[in-house]
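Just so you know, the sequences run in chain order A and B.
So in this note's numbering, spot 38 of the first sequence is number 38, and the numbers just go up one at a time.
So in this note's numbering, spot 15 of the second sequence is number 15, and the numbers just go up one at a time.
Following: one structure in structure tokens, then a few remarks.
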Amino acid sequence: MSEEKTGRSSKNRASLLASDKTLVIDYKNPQLLKAFLTDRGKIVPARISGLTARQQRQITKAVKRARMLALLPYTVA
Amino acid sequence: MSENTVGQVLSVQSRKGTKREYETVIILRPNVNKNGILDLVHRMQVVFENFGARLLKIENWGSRTLAFPIKRSTTGIYLYWRYLGGSDIVAEFERNLIINESVLRFYTVKVEDDVDPSARPSEITEDLLQAVAEPPPEPEPPPEPEHEDRDRDRFSSDDDDDEGVS
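This is the structure in structure tokens:
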């Protein structure tokens, strides 16, 4: 099946986390988490960021924790 | 609850004689001075002692700009605590934080279950406590805008792909 038909390209899988295996998803590292937020502060869906389901769960949890501590915004006006 | 359960992990699933490792991040008002931080730390050390807990690590992340104002404050001093204790330590620790007026917000996370207390010695010394009261000399470097732009471009271009397919 060609990439065009599936609508997904393998290049989407390439992410910050795939390129550096030592990175740990942690709420104490807001600089890393910012890469997975839109410019309005929303969490980017996995189908767009190309994260695995497990990574997306970890990112979601970490972002929500970081928001509690005002390390990341809930919304950006 | 009788007196002898103080400092114990009250869970039938946990192994006997083990403790839990927790971490708490505290945001203090920006006008809290060195003595205020030391006072808080010393008071908490008494709490830890009374509840058979052990402070493993404490860090001062310095004064940071908050992503949104908390109690009308736009900046705050971040303190990071890591400690070992039983089921009751978090409740008591947080009760003391609520009383303290210089604390804007706190958040506790359980790091690990079933920790053998003898395997985790405390790194706390009197010098370290003095260092905690002083904010770190070098603040966090600001994020490089170049990186953020690159990420945003990547996501927006992916958006276009999706629209093309549907």
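From the three backbone atoms N, C-alpha and C, an ideal C-beta is built for every residue, glycine too.
Quick check on A70/A - is its C-beta less than 7 Å from some C-beta in chain B? yes
Would you call the stretch 54-63 of chain B and the stretch 96-112 of chain B in contact, with 3 or more CB pairs under 8 Å? no
Segment limits, beta strand (DSSP E) that includes E21/B: 19-28
Return yes when the Cβ of A62/A is within less than 7 Å of the Cβ of P30/A, no when it is not. no
Per DSSP, what kind of secondary structure is F51/B in: helix, strand or coil? coil
Spatial neighbours of V76/A within its chain, please: C-beta separation below 6 Å, excluding the five flanking residues on both sides. R40, G41
To which residues of the same chain is D114/B closer than 7 Å at the C-beta, ignoring the five residues directly before and after it? S14, R15, T18
Chain A within 7 Å of F51/B, Cβ atoms only: no
Under the three-state DSSP convention, the category L23/A falls into: coil
Within 7 Å (strictly less), CB to CB, does F68/B reach chain A? yes
In this structure, does DSSP put N60/B in helix, strand or coil? strand
P135/B versus Q8/B: straight-line alpha-carbon distance, rounded: 34 Å
Comparing C-alpha positions only, which one of S102/B, N100/B, L84/B, S118/B sits nearest to V109/B? L84/B
Proximity to K21/A [Cα-Cα], best of A70/A, P73/A, L72/A, Q55/A: Q55/A
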